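Residue 1 is where the sequence shown starts when you use full-length UniProt numbering, and the numbers rise one by one after that.
Glycine included, every Cβ here is placed at the ideal spot set by N, Cα and C.
All figures in this text were calculated on a predicted structure; none of them were measured in a lab.
Taking it in order: structure first as C-alpha cells, then the write-up.
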Amino acid sequence: MGYPEIRVDRNKIETNTRTTVARCHQQGIQVAGVTKLFGGNPEIAAAYVAGGVDLLADSRIDNLKRLSGFSLPKMLLRIPMISEAEAVVQTADMVLISEPETATALSTQAMAQDKLIQLILMVDVGDLREGLYETKEIQEAASIMDGLPGIQLAGIGTNLTCYGGVRPSRENLTQLVNIKATLEKLLKRHLPVLSGGNGGTLSLLEAGEIPGEINQLRLGSSLAMGIGLNDEPIPGLHQDAFLLLAEIVELRRKPSIPKGVIGLDAFGNRPVFEDRGNRMRAICALGRQDVHPNEICPLQEGIQILGASSDHLILDVEDCPGFLQVGSRLAFLPTYGGCLSLMTSPYVKKIIMM
Ligand SMILES: *Cc1c(COP(=O)(O)O)cnc(C)c1O
1 MGYPEIRVDR NKIETNTRTT VARCHQQGIQ VAGVTKLFGG NPEIAAAYVA
51 GGVDLLADSR IDNLKRLSGF SLPKMLLRIP MISEAEAVVQ TADMVLISEP
101 ETATALSTQA MAQDKLIQLI LMVDVGDLRE GLYETKEIQE AASIMDGLPG
151 IQLAGIGTNL TCYGGVRPSR ENLTQLVNIK ATLEKLLKRH LPVLSGGNGG
201 TLSLLEAGEI PGEINQLRLG SSLAMGIGLN DEPIPGLHQD AFLLLAEIVE
251 LRRKPSIPKG VIGLDAFGNR PVFEDRGNRM RAICALGRQD VHPNEICPLQ
301 EGIQILGASS DHLILDVEDC PGFLQVGSRL AFLPTYGGCL SLMTSPYVKK
351 IIMM
C-alpha cells in the first residue's frame, strides 16, 4: 500500500468497450483497442478484450510485448524506427507506416524471421502529423511496399485531431476512401483495411457520417475514459474509470501571498498571487514527477489547486465542507494527459479493481 495511488475500475472500462464496440460493429467497423494510456498493462487490457475489441494497439513495442498473452492481433501505432525493425517484426502483426525505407527494413526482418507483417500506409489528410500528403507520393510508396517480400500492404489509414487539431469530417474521410480506390486500381487488387482514425472519429458515428468503406477505428481515450472529440464526454460511457488518490501531509492556515521578495519559482516562472487573506491550505504528497497540476481535477467541492512543485501539491481547502486532517486522502479525476503521466510514473501505485 502507498500513495499516490491510481485506482482503475476495470468494470467501467469493460462496459465502455462493450458499448462502443457494439456501436462500431453495427456499422461494419472493427475496433483496435489502444492501450498506451495505461502503458499496455495486461490486467487493464483484459477489460478491452472482454469488451470485444478486434485488435490490441499501442504506440510502443515495449507495451505490445506486455500484451503477448492475448491471442488478438497486435498493432503498432507509431510509425516505427528503422532501428527497432527486428523487435517490430517479432512483436507486431500490423504496423502503421509512412516511409518506404522503413517498410524495406521491416521486409528484410520479416524474411529473416519467416513472418508476414501487415502494413497500413498512413495518409495525411490535413492534420500534419504522420502520413504522406501528395497523391503521387502515396502511389509511389504503395507501389514500393506492394513489391516487398514478407510484408503485405493491407490498406491505408489516417490520423486526425492530434497535432493540427483537424476534426474528422465526411469530407476528409471521403478523401481517404478515394485514395484507397485509386490505389486499388493501381495495384490491381483489393486493400482490405481502411483505418479511419482515433476516438475523434466517433463523433461522426451516431450521425451516420462515417463513409461506409471505413472499416477500422483505433480507440483508446473513448474506451478507457469515455471521452471523444475535444475530450468531451461521450454519452452513455463512464468518465471516471481512473481515479487518483493523494495523501495530505500538511494542513495549515497561511496567508495567500508569499512574504519576501518574489523571484522565480522552481520551474523558472514568476508566480502571481491574489490576496484572499489567511486560508486553510493542504499539501498533498504528489508532484510534477507524478502529474502536472493542470491535468487533475479535485473530486470534492470547495478544493482549489494552487500549484505544484516536483513533489508537493498545494491546495486551498478553505471552502471544503468535508472533514480533513493530516493523513486524509483526496480524490482527483485526471485528464487524458494526466492519466498518461500517472500511469507511466513509477512513483504512482496502480490499483486495478476487478
Ligand atoms: C493514440 C493513438 C490512437 C488512439 O487515440 P485516442 O484518441 O485515444 O482514441 C489512434 N491512432 C494512433 C496512431 C495513435 O497514436
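* DSSP beta-bridge partners of V8 -> Beta-bridge analysis with DSSP links V8 to F242 and I352.
* Just tell me which of R7, S71, L132 and C162 has its CA closest to the CA of P156. => Before going on, a small fix: residue 156 reads as Ile here, not Pro. Of R7, S71, L132 and C162, the residue nearest in Cα terms is L132.
* Asked: Between I283 and E318, is the Cβ-Cβ spacing less than 8 Å?
  -> Not a contact, by the Cβ cut-off of 8 Å.
* Asked: Is any beta-carbon of chain C found at less than 8 Å from that of P255?
  -> In summary, chain C is missing from the structure at hand, where a single protein chain is found.
* Asked: Going by Cα to Cα distance, which pick from L286, T344 and A110 is closest to V88?
  -> Nearest to V88 by alpha-carbon distance, out of L286, T344 and A110, is A110.
* Can you check whether the CB of V31 is closer than 8 Å to the CB of T15? -> Not in contact: T15 and V31 (Cβ atoms no closer than 8 Å).
* Three or more beta-carbon pairs under 8 Å between the segment 225-236 and the segment 60-74, yes or no? -> With the cut-off at 8 Å, the segment 225-236 and the segment 60-74 do not touch.
* Can you have a look at S71 and say buried or exposed, based on whether 16 or more other CB atoms are within 10 angstroms of its CB? => With a threshold of 16 other beta carbon atoms within 10 Å, S71 falls short and is exposed.
* **M145, buried or exposed, once every other Cβ within 10 Å from all chains shown has been counted against 16** => Looking at its Cβ environment, which holds 16 or more other Cβ atoms inside 10 Å, M145 is buried.
* Asked: Regarding S221 and ligand 1, is the C-beta to nearest heavy atom distance less than 7 Å?
  -> Result yes, Cβ under 7 Å from ligand 1.
* Given a cut-off of 8 Å, decide if L119 and A154 are closer than it, judged by their beta-carbon atoms. => A contact, by the Cβ cut-off of 8 Å.
* Between the beta-carbon of P80 and the beta-carbon of T102, is there less than 8 Å? -> Yes, these two residues count as a Cβ contact at 8 Å.
* To do: Whole angstroms is fine: what's the gap from A181's alpha carbon to N41's?
  => For A181 and N41, the distance between alpha carbons rounds to 38 Å.
* Asked: In three-state DSSP terms, what is V326?
  -> In the structure shown, V326 sits in coil (DSSP, three-state: anything other than H, G, I, E or B).
* Asked: Does the beta-carbon of I13 have 16 or more other beta-carbons within 10 angstroms, so that it is buried, or is it exposed?
  -> A residue is called buried when at least 16 other Cβ atoms come within 10 angstroms of its Cβ; I13 meets this threshold and is buried.
* **Heavy atom of ligand 1 within 7 Å of K12 beta-carbon** => Outside the cutoff, so no.
* Measure the beta-carbon distance from P211 to L173 and round it to whole angstroms, keeping in mind my assumption that it falls under 8 Å. => The Cβ separation is near 5 Å, so the contact holds.
* Straight-line Cα distance separating R270 from L77 -> Those two C-alpha atoms are separated by around 39 Å.
* Asked: Out of curiosity, what's the CA-to-CA distance linking R18 and G196?
  -> In this structure, the alpha-carbon of R18 lies about 20 Å from that of G196.
* **Separation of I351 from R329, as counted between CA atoms** => Taking the straight line joining both Cα atoms gives about 15 Å.
* Counting only runs of 4+ residues fully inside the segment 93-157, write out the alpha helix (DSSP H) ranges in chain order. => Assignment of alpha helix (DSSP H) within the segment 93-157, counting only whole runs of 4 or more residues, yields 100-113 and 135-146 in chain order.
* Give the single residue among A92, G52, G28 and P4 whose Cα lies nearest to the Cα of L223. => Measuring from the Cα of L223, the nearest candidate turns out to be G52.
* Does the Cβ of V34 lie closer than 7 Å to at least one heavy atom of ligand 1? -> Yes, the beta carbon of V34 sits closer than 7 Å to at least one heavy atom of ligand 1.
* Own chain, CB closer than 8 Å to Q289, minus 5 neighbours either side, in chain order -> Around Q289, the same chain offers S310, D311, S345 and Y347 as residues with beta carbons nearer than 8 Å, after the five sequence neighbours per side are excluded.
* For S83, count neighbouring C-beta atoms within 10 Å of its own C-beta (all shown protein chains included) and say buried if the count is 16 or more, exposed if not. => Of the residues assessed, S83 falls on the exposed side of the cut-off, its CB having fewer than 16 other CB atoms within 10 angstroms.
* G199 CB to nearest heavy atom of ligand 1 below 7 Å -> Within the cutoff, so yes.
* Mind checking which residues open and close the beta strand (DSSP E) that includes P298? => That run of the beta strand (DSSP E) goes I296 to P298.
* Asked: Under 7 Å from any heavy atom of ligand 2, does the C-beta of N159 make it?
  -> Among the ligands present in this structure, namely ligand 1, ligand 2 is not found.
* To do: Determine the direct distance from the alpha carbon of M353 to that of R7, and round the result to whole angstroms.
  => Each residue's CA atom was taken as its position, placing R7 and M353 some 7 Å apart.
* Between which two residues does the beta strand (DSSP E) carrying I305 extend? -> Unbroken beta strand (DSSP E) run through I305: Q304 to A308.
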